[in-house]
Every structure is written in C-alpha cells, then in structure tokens.
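Taking it in order: structure first as structure tokens, then the write-up.
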Amino acid sequence: MAVWENKIELRDVSKTFYTKQSDVEVLKDDSLNVRENEFLVLLGPGQCGKTVLLNIIAGLEQESGGSITFTGGRPKMGDLGIVFQKYALYPWKTVMSNVEMGPQMKGIDQSTRRKNAQKYIDLVGLTNFEKSYPQQLSGGMKQRVGIARAYATESDIMLMDEPFGALDAQTRYSMQEEILKIWEKRKRTVIFVTNNLEEAVYLGDRIILLGGKPTSVKKEYVPDIPRPRKYTDTAFLALRNEIADNTDLSL
Amino acid sequence: MMKAGVQNKLYYLLPVLSVLTLMIVWVILAAQDGSLIPTPYETLSRFLGIMANPISQATLPLHVWVSLRRVLLAFVAAILLGVSLGVMFGWNETFNSFIYPIFELLRPIPPIAWIPLVILWFGIGEFPKIFIVFIGSFMPIVLNTHSGITSIDPLLIKAGQALGANRTQLLFHVALPATIPAILAGIKTALSSGWMCVIAAEMIVAKQGVGFLIVRGQESGDTALIVTCMLVIGIVNAMISFTLTRLEGVLCPWQFGKTK
Chain A
1 MAVWENKIEL RDVSKTFYTK QSDVEVLKDD SLNVRENEFL VLLGPGQCGK TVLLNIIAGL
61 EQESGGSITF TGGRPKMGDL GIVFQKYALY PWKTVMSNVE MGPQMKGIDQ STRRKNAQKY
121 IDLVGLTNFE KSYPQQLSGG MKQRVGIARA YATESDIMLM DEPFGALDAQ TRYSMQEEIL
181 KIWEKRKRTV IFVTNNLEEA VYLGDRIILL GGKPTSVKKE YVPDIPRPRK YTDTAFLALR
241 NEIADNTDLS L
Chain B
252 MMKAGVQNKL YYLLPVLSVL TLMIVWVILA AQDGSLIPTP YETLSRFLGI MANPISQATL
312 PLHVWVSLRR VLLAFVAAIL LGVSLGVMFG WNETFNSFIY PIFELLRPIP PIAWIPLVIL
372 WFGIGEFPKI FIVFIGSFMP IVLNTHSGIT SIDPLLIKAG QALGANRTQL LFHVALPATI
432 PAILAGIKTA LSSGWMCVIA AEMIVAKQGV GFLIVRGQES GDTALIVTCM LVIGIVNAMI
492 SFTLTRLEGV LCPWQFGKTK
C-alpha cells in the first residue's frame, strides 16, 4: 500500500450554534485525516451535522473549537471545489458561464478560462450543452454542471455535500459510476458527504461513520473491495451490514 | 364526457360571444331615449374625427404621444433611481434601517394626492406632470427590487462565495441577475400606475394629452370623445403591458425554457 500523505487534518473540531432559545452543540471533538487524492466518504444520518462539518472545512462556517490544518496552508475562498446537493447553479447563466464562473471571479481572461471550462464540460459528458440554461437540463445533467464547475476552480480538494441526494434512484446509480470515472481520470482529494449507506460503500476509499448528538466520529471503514464494486457482491453486502449494525441511520 | 374537439371549439367561440354580447348591450343602452352613452358608430366617427381635426392644436396621435412622453421621461428616472434604491435597501443593512422607515411612511400616500402640492411647488408646466408620474412609478419599482433582492436563495450567495466572488462580484453576478425578474414585475406595475397618474395629472391641468382630451369631452358634453379617450387609454396600457412581457422574454431567456 502506498504511503498516504495527509491533505487535511481535523483536530477536536467542535461547533455550537448559539440561538436565543438555546445553545445547540452540533459537532463535538471530531478528529480525522483526509489523505491526498483519496475518495473519503463521510457517512451519517440526516440532520447530523455532516454539512456543518463540510462547511467548516470549506471555510463557509467558523468552527467553535479545535483546529483544521491544510497541507500547504488553508486555501483561499474560491480555491476549493464545492458541489452542492441542490446544485446551486445560476439559472441566468449558461452551462459554460456557470462552469467558468470561479476562474472569472479570479479575473482570468475569457479565452483561457473558456478553454479550461470546456475541458471539464467534456469531462463530465456535457459536450454540446455549453449554451443550455440549467433549467433545460435534467437533474443528473445539472449536477454534472455542478461537478464541472467545482473542477474548474482547479482546486485539488473537492467537497461534495450529498451531491446525488436530489436525484432519482436510477440517475443516482449512474452518477455514482460517473463520479468515480471522473475522479479516476482526474484525481482530486474528495470529501463526499452522504446519508446513503450503499452509496458510501460503493464510492469510498475510506468511510468515516458519523453519529450521535452532538455528532462525533464513530468508526472508520476501509472497504477492501476492488472497483467497480457491485451492490450484490458478498463482500459489499457484508460491509454494508457491518456498517448498518453500527449506525443510527434509521432515525 | 364532452368530445375534446367540440370542447376546444367552444373555448374559441365563447370569448367571441362575450365580446359580441357587450357590443349588443352597448347598442341597446345607447339607443334608449335621452341616453348619455354614444353609440359605437358615433364613437368610431368621433375617433376618426380627432384623427383628422386637431383639438387644442393636436390630433389624437399627438395627444397620445404627449402623454406617453411624460410617462417615459418619468419612467427612465424612476427605473434608475428606484432600482438603485431598492438594491441599496437589500444590500446595505445600515442604509436599510435608516432610510426604509421614511420610505414606509411615504409609500401609502397615493401618487395622485401629491398633485396639489406639486402644482404649488412647480407650477403647471411639463415638470410637475412628469414628477407626479415619477412618484407613481418609483414606488413599485423600489418595492419590487427590494423584495426581489432580499428573497434570493441564500444557497446561490453561498455558492458565489465558495467560487471566490467578492462582495461587488456577488452583487453583479448573483444578486442583480437574480433580481431582474422582480425588477421587471415592478416595472410592469409601475408603467400601469404611471400611465394612470399621467391621465390624472392631465385631467387637472394640461393643454395637451389624453387626460386633457377626456376632460374637454366632459366640459363640452361630448360623450363620444370621452368614450374614445377611455378606449384609447385602455389600448395604450394594453400595448405597454404586451411590450413589457416581450421584453421579459428577451431579458430573462432562462425563465422561458428553450433557446436556440
């Protein structure tokens, strides 16, 4: 096995929201390492604070305690690729304009950023849809735009917040296949958040199981199953059941 | 169940019938003894009359143009100032909490109630009429812009930040485009309201314009002229709405699905 290099280290990260009624402790002393170019899955039930954890890594929210260290320093805003569950595409921008927006905000000239954006539009299989508006696309295609947009930031870290949560089951399967293909072609450090057990086992190099209130890291799993994995494989099912027994997914 | 074909034909036929009924009622009412309603024929010939023979040195198209010009001038100012103000209300919390209460106090006053004061201030030239229209169209534009910019999906803002947009970029790439549909809705309301205001202002004091013309009809007991003006006012308003709806399609193509 290769020597893994840590990309991101979280030490005792806590988050408490202070509201008028009460203080809500969402995360408590969460520590984990994210390794370079791995596909890391954070698995936890709905409303468990996975998104908060991701937002803290992204710098969209401030942790209440603990520390987050990036090898090479914390990336600036715009230097992290984020894929949102609800796509968060701009309806008035075409596919091309959505994808090139990150580089555009950094003031990169149009021809350079178009060429790059085109590369990622082709990568996610949306060639010839450059001029379409998001509204004209299906859910799966919209999320492909979201993925291309995250890649176009040229970040080596990709944060994906239940990216397939809004898709129907069939599209979801094909997108899971697709995201691995994309990732294998262009390796990035991926942190993929999901509440779907099968999705976690299908995708992850490592799976971090989160649970409890406030949320903490419960266990780490390393699926020793070669890709492409099959949902009906015995090893797949064994791991699935092992995680299921350990989890409070069904709330 | 009725056959679909028959039903469809019925839906085409009913509007025709409804207009026809109105015309018949009109003719019957106009035919009564001592009626103060002109017949459709009288109205049409009155219409053709003012197309050719000027009243107060202007034929009908010129009167319409005089009114429209007032509306358009006021309108350009109302859009520029209204959109800027609405955006500032939505984008700058300090500005909002300081200025918005004043705006809320003035807002419920109908624009027409300003007419006497505006005449005292600015006399009876072009400017006071334009000013009244401005008041009438400014308010809906500010309100719509404000409500549009404050109801943007926070996720779109968050995504913009994640893509590295600074505050100015967020305003121009995210907030403003997201607000365009609301601004256009405000503009639509504003144009109708502005058109109403100009008629009202002209009815009180003017030498030309559709509002002046309709009052002239009242003064000379010329009911055909009054009805002609009413129809023209309605038609112009409908044409304005139609143009704006088309404009919406040009300005926000993403709202209307297919493009080439």
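Chains A and B, in that order, give the protein sequences. Under the working numbering, residues 1 to 251 are what the first sequence spells out, in order. Under the working numbering, residues 252 to 511 are what the second sequence spells out, in order. Built from N, CA and C at the ideal position, the CB exists for glycine as well. Small disclaimer: the values here were computed from a predicted structure and weren't measured.
- Message: Using CA atoms only, rank isn't needed, just tell me which of A:Tyr151, A:Lys142, A:Gly140 and A:Glu38 is closest to A:Glu100.
- Response: A:Tyr151
- Looking at C-alpha atoms only, which residue of A:Ser22, A:Tyr231, A:Ile8 and A:Asp29 is the closest neighbour of A:Lys218? A:Asp29
- Message: Looking at the strands, I want to know which residues DSSP matches up with B:Ala309.
- Response: B:Ile306
- Message: Please report the distance separating the alpha-carbon of B:Asp473 from that of B:Gly285.
- Response: 14 Å
- Task: Report yes if the C-beta distance between B:Gly415 and A:Met77 is below 8 Å; otherwise report no.
- Result: yes
- How should B:Trp372 be labelled, buried or exposed, when 16 other C-beta atoms within 10 angstroms of its C-beta is the threshold for buried? exposed
- Message: Let me make sure I understand the geometry here. Which of A:Ala88, A:Gln110 and A:Leu180 has the alpha-carbon closest to that of B:Ala237?
- Response: There is simply no residue 237 of chain B to check, as chain B begins at 252 and stops at 511 in what is shown.
- Query: Three-state secondary structure (DSSP) at A:Asp224?
  - Reply: coil
- Contacts around B:Lys511, its chain only, beta-carbon distance under 8 Å, and the 5 residues preceding and following it disregarded: Residue confidence is low: B:Lys511 scores 36 on pLDDT, short of 50, so the model does not pin down where it sits. No coordinate-derived value is stated.
- Message: Residues of chain A with CB closer than 7 Å to the CB of B:Trp505, please, in chain order.
- Response: Pro91, Trp92, Tyr133 and Gln135
- Task: Using the Cα positions of B:Ala329 and A:Trp92, report the straight-line distance between them to the nearest angstrom.
- Result: 25 Å
- Whole angstroms is fine: what's the gap from A:Met1's alpha carbon to A:Asn33's? Residue placement at A:Met1 is flagged as unreliable, the pLDDT there being 46, under the threshold of 50; a coordinate-derived value is accordingly withheld.
- Task: Could you name the residues of chain B that A:Met158 contacts, counting a contact when the two beta carbons are closer than 7 Å?
- Result: By Cβ distance, chain B contributes nothing, its closest Cβ being about 12 Å from A:Met158, past 7 Å.
- Hey, quick one: how far does the beta strand (DSSP E) through A:Leu40 stretch, first residue to last? Phe39 to Leu43
- Message: Run through chain B and tell me which residues come within less than 8 Å of A:Thr127, C-beta to C-beta.
- Response: None at all; the shortest Cβ gap to chain B is about 17 Å.
- Task: Would you please verify whether the beta carbon of A:Ala166 is less than 8 Å from any beta carbon of chain B?
- Result: no
- Task: Go through its chain and collect everything with a Cβ distance to A:Ser14's Cβ below 7 Å, but skip five positions before and after it.
- Result: Leu27, Lys28, Asp29, Glu63, Ser64, Gly65 and Gly66
- When the Cβ atoms of the segment 310-330 of chain B are set against those of the segment 434-443 of chain B, are three or more pairs found closer than 8 Å? yes
- What does DSSP give as the partner residues of A:Tyr68 in its beta bridges? In the sequence under discussion, the amino acid at residue 68 of chain A is Ile, which differs from the Tyr named in the question. DSSP lists A:Leu10 as partners of A:Ile68.
- Query: When the distance is taken between beta carbons, is B:Gly462 closer than 8 Å to B:Ala451?
  - Reply: yes
- chain A contact residues for B:Pro359, given Cβ-Cβ distances below 8 Å: Those do not exist, as B:Pro359 stays about 32 Å from chain A at its closest Cβ, beyond 8 Å.
- Does the beta carbon of A:Phe84 sit closer than 8 Å to a beta carbon anywhere in chain B? yes
- Query: Could you give the residue range of the beta strand (DSSP E) that holds B:Lys458?
  - Reply: B:Lys458 -> no beta strand (DSSP E), and no H or E assigned at all.
- Query: Using a beta-carbon distance cut-off of less than 9 Å, what residues from the segment 161-191 of chain A approach chain B?
  - Reply: none
- Query: Fully enclosed by the segment 154-205 of chain A, which beta strand (DSSP E) runs are 3 residues long or longer?
  - Reply: 157-161 and 189-194
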